[in-house]
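Structure first, commentary second.
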Amino acid sequence: MQDQLQALAQEAREAIERAATAHDLEAARVAFLGRKAGRLRDLMSGLGNLPPEERPEAGKLAQAVQKEIEELLAARAGELT
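The structure is reproduced here in structure tokens:
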């Protein structure tokens, strides 16, 4: 799970950096943070399947990845305006 979260964070960083328009940036936001089809949400839904001793650490990492993606999106949105 941790490897998947770190890989997802890296992919999100790259997608956000590549976004050339506000539309591209919104597409990246939906792809990674969307409520229905967001990749981070999909990974977070699997936290319940982890052994109980691994859940807290994985949950903290998932929240950190989400926060990082949100901050990157906000920063990039400022650059595009």
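Quick note on numbering: my numbering labels position 66 of the sequence shown as 166, and the sequence is numbered without any gaps.
Using N, Cα and C, we set each Cβ at its ideal position, and we do this for glycine too.
Item	Value
Member of E153, G148, T121, A107 whose CA lies at the smallest distance from the CA of F132	A107
Through-space distance from G178 to K136, alpha-carbon basis	26 Å
Extent of the continuous alpha helix (DSSP H) to which G134 belongs	It is not in any alpha helix (DSSP H) - G134 carries neither H nor E in the DSSP assignment.
Run of the alpha helix (DSSP H) containing A119, from where it starts to where it stops	A119 -> no alpha helix (DSSP H), and no H or E assigned at all.
Rounded distance between the beta-carbons of L161 and L125, thought under 8 Å	That pair is no contact at about 24 Å.
Beta carbon of A109 nearer than 8 Å to that of V165	yes
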